[in-house]
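Input: a single structure, listed below in structure tokens.
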Amino acid sequence: MPAKPKKNVDWTKRFNNPKPPRTVVLEKSFCGIKAGSRMYISSPKDIASYVADIPDGETRAIERMRDELAEKNGAVATCPVTTSIFLRIVSELSLEEMNSGKSKTDVVPFWRVVEPGSKIAGRLPCDDIIIKDFRSMESA
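According to the working numbering, the stretch in the sequence shown is residues 7 to 146, in order.
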């Protein structure tokens with residue numbers, strides 16, 4: 007797997023030690039979400055659970071994931087900033103686990119949400135080709 011240079015980050019620690027998920031009422035508008043709205047702030051484990059439940063061969067847009075998590079948690083929206091951060095944590099951890107010998111069937115299938123060419127994909131230590139290959143292997 008071609009690797010891009012990356013910082014030395016403990017993705018397992020970031021996955022296991024986040025703040026708990028919560029719903030907040032926004033005092034000010036934020037990222038297109040109006041003041042007074044209930045916004046859900048997820049966690050890496052919550053994102054991993056959502057992604058792991060996507061059936062083989064299917065994908066979800068990150069916007070759909072945020073909408074479904076918000077609805078499930080009684081909110082109008084899910085925070086787009088933390089969702090992207092947490093999805094990256096899940097993706098990085100899955101890649102580390104595969105580099106350590108785990109099969110792609112034994113990790114969280116981040117490629118079902120991370121779009122090739124997206125900002126999140128661009129920050130991962132793998133090429134878009136890897137994400138495209140994982141997606142095409144599942145849909146075959």
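Every residue gets a Cβ at the ideal spot worked out from N, C-alpha and C, and that includes glycine.
Item, Value
"Sequence-distant residues of its chain with Cβ nearer than 6 Å to C85 (five each side left out)", "M45 and I47"
"Pick from A81, S49, R141 and Y56 that is closest to D40, judged by C-alpha positions", "A quick correction: the sequence has Lys, not Asp, at residue 40. Answer by Cα proximity: A81."
"Where the alpha helix (DSSP H) through V96 begins and ends", "P86 to N105"
"Buried versus exposed, by CB contacts within 10 Å (16 or more), A83", "buried"
"Helix, strand or coil at A41 according to DSSP, with G and I counted as helix", "coil"
"contact_flag[the segment 110–120, the segment 49–60] where n(CB pairs < 8 Å) is 3 or more", "yes"
"8 Å contact criterion, which I95 and F140 should meet: CB distance rounded", "Contact doesn't hold; Cβ gap of about 18 Å is too wide."
"Classification of I61 by the beta-carbon crowding that lies within 10 angstroms, buried from 16 upward", "The sequence shown places Pro at residue 61, not Ile. P61 comes out exposed."
"Cut-off 6 Å between Cβ atoms - residues of its own chain near L130, not counting five sequence neighbours on either side", "S97"
"Contact set for L99: own chain, Cβ-Cβ below 7 Å, skip 5 residues either direction", "W17, T18 and F21"
"Entirely enclosed alpha helix (DSSP H) segments - the segment 53–84, minimum 4 residues", "68–78"
"Euclidean distance between Cα positions of S142 and E33", "43 Å"
"Buried or exposed by the 16-neighbour rule on C-beta atoms within 10 Å, applied to R28", "exposed"
"Cross-strand partners of I47 (DSSP beta bridge)", "R28"
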